[in-house]
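Going down the list, the protein sequences come from chains A and B. Residues in the first sequence are numbered consecutively from 31, following our numbering. Residues in the second sequence are numbered consecutively from 9, following our numbering. Where a beta carbon is used, it is the ideal one built from N, C-alpha and C, also for glycine. Worksheet: the structure to be examined is printed underneath.
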Amino acid sequence: MTLLRKRGYSGRTLVTAVPYLWLLLFFLVPFLIVLKISVSEIRLAMPPYEPLVTWISTQVVGLRINFENYAFLFEDSLYWKSFLNSIRTAGISTLICLLIGYPMAYGIARSKPAWRNLLLLLVMLPFWTSFLLRVYAWIGILKNNGVINNLLMALGIIDEPIVMLQTNFAMYIGIVYSYLPFMVLPLYTSIEKLDLSLLEAAADLGCRPVKAFFRITVPLTKSGIIAGCMLVFIPAVGEFVIPALLGGPDALMIGRVLWEEFFNNRDWPVASAVAIVMLFVLVIPIMIYQRSQGQQIGGHP
Amino acid sequence: MNAGRPRFVTAMMGAGFLFLYLPILLMIVFSFNESRLVTVWGGFSTKWYGELFRNEQVLGAAWLSFKIAAMNATGATILGTIAGLVLARFGHFRGRPLLTGLATAPLVMPEVITGLSLLLLFVAMEQLIGWPAGRGITTITIAHMTFSMAYVTVVVQSRLATLDESLEEAAMDLGARPAKVFFLITMPIILPAIAAGWLLAFTLSWDDLVITSFVTGPGSSTLPIVIFSKVRLGVSPDINALATILVLMVAIGTAGFGFYMQRQQKRRDLDVQRAIAANE
Numbered sequence: 031m032t033l034l035r036k037r038g039y040s041g042r043t044l045v046t047a048v049p050y051l052w053l054l055l056f057f058l059v060p061f062l063i064v065l066k067i068s069v070s071e072i073r074l075a076m077p078p079y080e081p082l083v084t085w086i087s088t089q090v091v092g093l094r095i096n097f098e099n100y101a102f103l104f105e106d107s108l109y110w111k112s113f114l115n116s117i118r119t120a121g122i123s124t125l126i127c128l129l130i131g132y133p134m135a136y137g138i139a140r141s142k143p144a145w146r147n148l149l150l151l152l153v154m155l156p157f158w159t160s161f162l163l164r165v166y167a168w169i170g171i172l173k174n175n176g177v178i179n180n181l182l183m184a185l186g187i188i189d190e191p192i193v194m195l196q197t198n199f200a201m202y203i204g205i206v207y208s209y210l211p212f213m214v215l216p217l218y219t220s221i222e223k224l225d226l227s228l229l230e231a232a233a234d235l236g237c238r239p240v241k242a243f244f245r246i247t248v249p250l251t252k253s254g255i256i257a258g259c260m261l262v263f264i265p266a267v268g269e270f271v272i273p274a275l276l277g278g279p280d281a282l283m284i285g286r287v288l289w290e291e292f293f294n295n296r297d298w299p300v301a302s303a304v305a306i307v308m309l310f311v312l313v314i315p316i317m318i319y320q321r322s323q324g325q326q327i328g329g330h331p
Numbered sequence: 009m010n011a012g013r014p015r016f017v018t019a020m021m022g023a024g025f026l027f028l029y030l031p032i033l034l035m036i037v038f039s040f041n042e043s044r045l046v047t048v049w050g051g052f053s054t055k056w057y058g059e060l061f062r063n064e065q066v067l068g069a070a071w072l073s074f075k076i077a078a079m080n081a082t083g084a085t086i087l088g089t090i091a092g093l094v095l096a097r098f099g100h101f102r103g104r105p106l107l108t109g110l111a112t113a114p115l116v117m118p119e120v121i122t123g124l125s126l127l128l129l130f131v132a133m134e135q136l137i138g139w140p141a142g143r144g145i146t147t148i149t150i151a152h153m154t155f156s157m158a159y160v161t162v163v164v165q166s167r168l169a170t171l172d173e174s175l176e177e178a179a180m181d182l183g184a185r186p187a188k189v190f191f192l193i194t195m196p197i198i199l200p201a202i203a204a205g206w207l208l209a210f211t212l213s214w215d216d217l218v219i220t221s222f223v224t225g226p227g228s229s230t231l232p233i234v235i236f237s238k239v240r241l242g243v244s245p246d247i248n249a250l251a252t253i254l255v256l257m258v259a260i261g262t263a264g265f266g267f268y269m270q271r272q273q274k275r276r277d278l279d280v281q282r283a284i285a286a287n288e
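Spelled out as structure tokens, the structure:
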């Protein structure tokens with residue numbers, strides 16, 4: 031310690047270095063490797079890509095950068111269609127989550143204080159329960175001889191089962207169901223902080239509740255809305271499990287395409303290129319999320 | 009407006025909770041179904057639980073998942089607590105914006121990207137320095153620690169942001185070294201947040217399918233991997249039984265933790281009242 035201190039390293043630096051180095055090595059460096067492999071060529075070996083840098087002789091280094099993987103992504107309509115479809119699916123799911131989540135968060139924040147913690151716990155509880163099993167629960171509900179179809183047929187409303195499983199409908203239900211808690215929690219945090227006297231003042235001045243909601247409540251809970259939407263949208267774009275289990279075979283979601291490219295086709299360079307493009311698509315939402323997160327947590331400026 | 013809720017909000021809230029809980033309740037009900045057809049009721053039975061406990065593959069996977077989750081939670085809590093402390097207490101330093109970014113990005117990063125990038129790192133490291141040799145428990149634990157420490161960081165950082173620094177400053181003024189201040193003052197106060205972070209990290213690891221699938225090796229099938237391969241073949245009653253056990257464990261654990269926190273809070277309130285009374 032004293033030796034290090036003499037060289038200008040304080041205890042603070044050492045403490046900071048531990049998580050810093052971990053994240054640099056296991057979070058930042060991996061992206062650089064993905065970037066590298068996305069511009070290399072596929073080969074039939076393990077690992078299945080050509081090295082970028084080769085020693086042609088002791089003095090000459092050969093560098094082979096290959097943008098074919100990216101060109102491939104833009105030529106084959108499968109890829110850009112999946113990207114567009116993922117963004118659309120994630121966007122619509124986010125909107126549905128917001129429409130369901132906002133009244134829920136609002137209701138919890140306006141409950142009696144004794145109830146609030148219990149209700150919050152009830153929102154959190156599914157989040158602590160296996161994600162996979164919660165998606166699985168919907169298979170039993172939506173399949174052809176599942177709960178909904180059995181019920182409707184027993185009541186005589188329908189004669190033949192409605193196909194719901196492996197459709198876009200099932201996929202939306204799965205995404206909204208799984209990500210709803212992520213929407214409610216940040217919304218609750220910002221609604222709870224809202225000063226009720228502002229609404230009272232508006233009401234005293236003759237403002238209708240609906241107008242007061244859109245003019246006062248919504249703008250003042252903007253940080254919660256942004257954080258909630260980003261927490262749903264960003265992971266939903268890359269979602270794999272829900273499209274794989276609930277979506278149809280033609281549910282083109284980019285996370286699923288990446289998975290199949292990697293595990294089924296063993297094409298690591300193309301899978302890497304897909305990951306890099308996905309990251310480019312998501313970099314702006316991630317930055318918006320981080321700004322809103324910084325405002326919510328606070329801490330030292 | 010008063011503290012009451014508009015009727016529309018109450019109705020939406022009820023519908024929302026029904027939406028969240030009905031699927032889980034149905035899954036529990038059908039775990040006691042005699043029939044193999046899961047969703048067609050064939051009478052009450054607990055036979056699927058018996059079948060589950062005789063399934064060596066599931067039991068082995070559950071044990072492996074438990075070990076990884078416990079190691080991950082401990083490692084992630086240590087790293088995340090340090091990161092939370094650094095971000096909440098160390099003020100400005102060079103590289104702070106990068107650390108903030110790195111610490112919160114894993115929260116939202118799609119799992120397929122994190123999983124793929126970590127696998128490629130492990131492959132590259134093995135080629136370069138020969139470690140980690142092959143993939144299995146070690147690589148899974150490192151991968152899980154990397155994304156779950158972000159959650160611990162957020163929990164600890166937001167707890168520290170609401171904590172008055174004057175206690176820590178007082179201890180410093182009295183000559184305590186920073187390490188001593190942390191272990192004697194800061195840590196005991198934020199211990200509930202640290203415990204919550206540990207539980208969160210444990211659950212995230214216990215639950216993870218996508219990242220694990222990328223960084224796992226032969227012979228290291230965690231519980232989610234086993235469940236996923238079974239679920240892909242369709243619904244099966246023993247999965248319902250397994251789900252019921254897991255849901256009950258979480259419910260009991262959460263209720264216990266909530267109860268403990270409430271009691272701690274009451275005790276603290278009582279102490280404050282006594283202190284005030286003693287001073288008067």
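What three-state label does DSSP hand F27 (chain B) in the structure shown?
Looking at F27 (chain B) - three-state DSSP - the assignment turns out to be helix.
Measuring only between beta-carbons, confirm whether V94 (chain B) sits less than 7 angstroms from chain A.
So, interface residue.
Does N179 (chain A) come out as helix, strand or coil in the three-state DSSP assignment?
Three-state result, N179 (chain A): helix.
Please state the DSSP three-state secondary structure of F52 (chain B).
Under the three-state reduction of DSSP output, F52 (chain B) falls in the strand class.
Apply the 10 Å Cβ neighbour rule to I32 (chain B) and answer buried if 16 or more other Cβ atoms are within range, or exposed otherwise.
Taking every protein chain shown into account, the CB of I32 (chain B) has 16 or more other CB atoms within 10 angstroms, so this residue is buried.
What three-state label does DSSP hand G328 (chain A) in the structure shown?
Unreliable placement is indicated for G328 (chain A), whose pLDDT of 49 sits below 50; no coordinate value is reported for it.
Return the Cβ separation of L162 (chain A) and L217 (chain B) in integer angstroms, given the expectation that the two are a contact with Cβ distance under 8 angstroms.
Confirmed, Cβ separation roughly 6 angstroms.
Extent of the continuous alpha helix (DSSP H) to which Q196 (chain A) belongs
In the DSSP annotation of this structure, Q196 (chain A) is not part of any alpha helix (DSSP H), being labelled neither H nor E.
Spatial neighbours of I138 (chain A) in its chain, beta-carbon cut-off 7 angstroms, leaving aside the 5 residues before and after
Cβ neighbours of I138 (chain A) beyond the five flanking positions: R146, L149, L150, Y218.
Does DSSP classify N96 (chain A) as helix, strand or coil?
DSSP places N96 (chain A) in coil when its eight states are reduced to three.
Min CB distance A120 (chain A) to chain B below 7 angstroms:
No, no contact with chain B.
Helix, strand or coil at N147 (chain A) according to DSSP, with G and I counted as helix
Note: N147 (chain A) maps to helix in three-state DSSP.
In whole angstroms, give me the CA-to-CA distance for V48 (chain B) and T252 (chain B).
C-alpha of V48 (chain B) to C-alpha of T252 (chain B): approximately 18 angstroms in a straight line.
For the candidate residues B:A77, B:G58, B:E64, B:A70, whose alpha-carbon lies nearest to that of V146 (chain B)?
Note that residue 146 (chain B) is Thr in the sequence shown, not Val. It is B:A77.
Out of curiosity, what's the CA-to-CA distance linking G68 (chain B) and S156 (chain B)?
A straight line joining the alpha-carbon of G68 (chain B) with that of S156 (chain B) spans about 23 angstroms.
Given Y209 (chain A) as reference, the closest of A:P49, A:V287, A:A257 once Cα atoms are compared
Comparing Cα positions, the closest option is A:A257.
The region 185–195 of chain B in contact with the region 244–263 of chain A per 3-pair CB rule at 8 angstroms:
Contact between the region 185–195 of chain B and the region 244–263 of chain A is absent, because fewer than three Cβ pairs lie under 8 angstroms.
If you draw a straight line from the C-alpha of G254 (chain A) to the C-alpha of W139 (chain B), how long is it?
W139 (chain B) has its alpha-carbon roughly 43 angstroms from the corresponding atom of G254 (chain A).
Short of 7 angstroms Cβ to Cβ, which residues in the region 202–233 of chain B face chain A?
Correct list: T211, D215, L217, V218, P232.
Output needed for G167 (chain B): all residues of its chain with C-beta closer than 6 angstroms, excluding positions within five of it in sequence on either side, in chain order.
Before going on, a small fix: residue 167 (chain B) reads as Arg here, not Gly. Hits under 6 angstroms: I198, A201.
Taking one C-beta from the region 240–253 of chain A and one from the region 152–169 of chain A each time, how about it: are there three or more such pairs within less than 8 angstroms?
Fewer than three Cβ pairs drawn from the region 240–253 of chain A and the region 152–169 of chain A lie within less than 8 angstroms of each other, which leaves the two stretches out of contact.
May I ask you to list, following chain order, the residues of the region 31–42 of chain B that have a beta carbon less than 7 angstroms from some beta carbon of chain A?
Taking 7 angstroms as the Cβ-Cβ cut-off against chain A, the residues of the region 31–42 of chain B that qualify are P31, I32, L34, M35, F38.
Does any residue of chain A have a CB that is nearer than 7 angstroms to the CB of M9 (chain B)?
Confidence is the limiting factor: at M9 (chain B) the pLDDT is only 41, short of 50, which leaves the residue's position unreliable, though a coordinate-based value still follows. Output row for M9 (chain B): interface = yes.
Under 7 angstroms (Cβ pairs) to chain B, residues found in the region 227–261 of chain A:
For chain B, the residues of the region 227–261 of chain A that bring a beta carbon within less than 7 angstroms of one of its beta carbons are L229, E230, A233, P239, M260, L261, in chain order.
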